[in-house]
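Q: Quick one: this structure, given as structure tokens, is what I'll be asking you about.
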Amino acid sequence: MPRTAQPLDARRRQRLRAAAAEEFVTHGYERASLNRIIDGAGIAKSSFYHYFEDKRALYADLVAHLERTVGECLRVPGIDRLTRAEFWPAVEGMVEDLGRALEGAPELATVARVLYDVGPAEATPELSRVLEDARAWVARAITHGQDLGVVRRDLPPDLLARLALAVFVELDKWALEHFEDPRTAGAADTTMRTLFAMLREAR
Numbered sequence: 012m013p014r015t016a017q018p019l020d021a022r023r024r025q026r027l028r029a030a031a032a033e034e035f036v037t038h039g040y041e042r043a044s045l046n047r048i049i050d051g052a053g054i055a056k057s058s059f060y061h062y063f064e065d066k067r068a069l070y071a072d073l074v075a076h077l078e079r080t081v082g083e084c085l086r087v088p089g090i091d092r093l094t095r096a097e098f099w100p101a102v103e104g105m106v107e108d109l110g111r112a113l114e115g116a117p118e119l120a121t122v123a124r125v126l127y128d129v130g131p132a133e134a135t136p137e138l139s140r141v142l143e144d145a146r147a148w149v150a151r152a153i154t155h156g157q158d159l160g161v162v163r164r165d166l167p168p169d170l171l172a173r174l175a176l177a178v179f180v181e182l183d184k185w186a187l188e189h190f191e192d193p194r195t196a197g198a199a200d201t202t203m204r205t206l207f208a209m210l211r212e213a214r
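Take any residue in the sequence shown, note its place counting from 1, add 11, and you have its number in this note's numbering.
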């Protein structure tokens, strides 16, 4: 019978997540060693298996932790309800919220890198769901923005959505890799402004 994960005290949970994130980033999901994670966290193997059934359960917990923490800081607008005047302020505000979430919890940078550093062949259901949700939201945003006349209409919406998501993902990956560089925030902000300018309807 599958084991139900039990609550873990905050200090050990933080150590376990930090060790797991570093292991997944360094070795990828498939090659990550549960023994190295357990040793790195400084907990007994018997204790680990009391809380988690296996490596996949730990990975799912890591992704859920990232989503939950970012979600507490992120105001994701109901894109289909936005008016012409609300559209760009809402989108820009969401991106700013994401930056603040990572600044307020620097340890999440390593956790977030896990989403990108697991290759397609190793992608888990959790990773696939997160990326698919992002693709769907961007596609809806582009289509609704075109309907409102605030996103350029000289290019197909699916092409714009792919371009926007590709730029955002690569920027996010780069920013996470250079998280401790004080110039990163400014470079990321300039890049996002350039992306938004490219997407806006010409006036």
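Note that CB positions come from ideal geometry on N, CA and C, so glycine has one too.
Would Ser139 be called buried (16 or more neighbouring beta carbons within 10 Å of its own) or exposed?
A: As a first step, residue 139 is located in the sequence shown; it is residue number 128 there, counting from the start. It is exposed - the Cβ of Ser139 has fewer than 16 other Cβ atoms within 10 Å.
Q: Contact check, Ala112 vs Cys84 under 8 angstroms by CB: the rounded distance?
A: Numbered from 1 along the sequence shown, position 101 holds the residue referred to as residue 112. Numbered from 1 along the sequence shown, position 73 holds the residue referred to as residue 84. Approximately 4 angstroms separates the beta-carbon atoms of Ala112 and Cys84; this is inside 8 angstroms, confirming the contact.
Q: Give me the Cα-Cα distance between Tyr62 and Glu41, rounded to the nearest whole angstrom.
A: On the sequence shown, residue 62 is found 51 positions in, with the first residue counted as 1. On the sequence shown, residue 41 is found 30 positions in, with the first residue counted as 1. Rounded to the nearest angstrom, the two C-alpha atoms are 21 angstroms apart.
Q: What is the DSSP secondary structure of Val161, counted as helix, strand or coil?
A: Taking the first residue of the sequence shown as 1, we reach residue 161 at position 150. Three-state DSSP puts Val161 in coil, outside helix and strand.
Q: Would you be able to state if there are at least three C-beta pairs under 8 angstroms between the segment 161-174 and the segment 183-198?
A: Contact annotation: the segment 183-198 does not touch the segment 161-174, with fewer than three C-beta pairs closer than 8 angstroms.
Q: Contact check, Arg173 vs Ile90 under 8 angstroms by CB: the rounded distance?
A: As a first step, residue 173 must be located in the sequence shown, where it is residue number 162. As a first step, residue 90 must be located in the sequence shown, where it is residue number 79. Going by Cβ atoms, the distance from Arg173 to Ile90 rounds to 17 angstroms, so no, they are not a contact pair.
Q: Tell whether a beta-carbon distance below 8 angstroms holds between Val149 and Arg28.
A: Here residue 149 refers to the residue found at position 138 of the sequence shown. Here residue 28 refers to the residue found at position 17 of the sequence shown. Not in contact: Val149 and Arg28 (Cβ atoms no closer than 8 angstroms).
Q: Excluding five sequence neighbours on each side, which residues of the same chain lie with their C-beta closer than 8 angstroms to the C-beta of Thr205?
A: Locating residue 205 in the sequence shown gives position 194, counting from the first residue. Contacts found: none.
Q: I'd like to confirm the pairing. Which residues does DSSP put opposite Ala211 in its beta bridges?
A: Locating residue 211 in the sequence shown gives position 200, where the first residue counts as 1. The amino acid occupying residue 211 in the given sequence is Arg; Ala does not appear at that position. For Arg211, which the question treats as bridged, DSSP gives the partners Val162.
Q: Looking at the ligand ZN, does it come within less than 7 angstroms of Gly110, judged from the CB to the closest heavy atom?
A: The model depicted lacks the ligand ZN and carries no ligand whatsoever.
Q: Just to confirm, are Val81 and Leu126 a CB contact at a threshold of 8 angstroms?
A: In the sequence shown, residue 81 corresponds to position 70, counting from 1. In the sequence shown, residue 126 corresponds to position 115, counting from 1. Cβ atoms of Val81 and Leu126: not closer than 8 angstroms.
Q: Between the Cα of Gln25 and those of Val141, Lys184, Leu69, spot the shortest distance and give me the residue it belongs to.
A: The count along the sequence shown starts at 1 and reaches residue 25 at position 14. Ranking Val141, Lys184, Leu69 by Cα distance to Gln25 puts Leu69 first.
Q: Using beta-carbon positions only, say whether Glu64 and Arg47 come within less than 8 angstroms of one another.
A: Your numbering for residue 64 matches position 53 in the sequence shown. Your numbering for residue 47 matches position 36 in the sequence shown. Not closer than 8 angstroms, so no.
Q: Taking buried to mean at least 16 other C-beta atoms within 10 Å of its own C-beta, is Gly156 buried or exposed?
A: Sequence index remark: in the sequence shown, residue 156 carries index 145 (1-based). With 16 or more Cβ atoms within 10 Å of its Cβ, Gly156 is classed as buried.
Q: Counting only the same chain and skipping the five closest in sequence on each side, list residues whose C-beta sits under 7 angstroms from that of Val36.
A: Walking along the sequence shown from the start, residue 36 turns up at place 25. Within the same chain, Thr121, Arg124, Val125, Asp128 come within 7 angstroms of Val36 by CB-CB distance, once the 5 residues on both sides are set aside.
Q: Alpha carbon to alpha carbon, how far is Val178 from Phe207?
A: Here residue 178 refers to the residue found at position 167 when the sequence shown is read from its first residue. Here residue 207 refers to the residue found at position 196 when the sequence shown is read from its first residue. Between Val178 and Phe207, the C-alpha separation is close to 11 angstroms.
Q: Less than 8 angstroms between the CB atoms is what I'm expecting for Gly160 and Arg211, so what's the real figure, rounded?
A: What you label residue 160 is simply residue 149 of the sequence shown in a count that begins at 1. What you label residue 211 is simply residue 200 of the sequence shown in a count that begins at 1. Wrong, their Cβ atoms sit about 10 angstroms apart, outside the cutoff.
Q: Can you name the start and end residues of the alpha helix (DSSP H) that Val87 belongs to?
A: Within the sequence shown, the letter at position 76 stands for residue 87. From DSSP, Val87 is part of no alpha helix (DSSP H); its letter is neither H nor E.
Q: CB-CB under 6 angstroms to Asp183, same chain, minus the five flanking residues each way: which ones, in chain order?
A: As a first step, residue 183 must be located in the sequence shown, where it is residue number 172. Cβ neighbours of Asp183 within its own chain (closer than 6 angstroms, five residues either side excluded): none.
Q: According to DSSP, is Thr94 part of a helix, a strand, or is it coil?
A: Position 83 of the sequence shown, counting from 1, holds the residue named residue 94. Residue state, collapsed to three classes: coil.
Q: From what residue to what residue does the alpha helix (DSSP H) around Glu188 run?
A: The count along the sequence shown starts at 1 and reaches residue 188 at position 177. Looking at the DSSP string, the run of the alpha helix (DSSP H) that includes Glu188 is 168-188.
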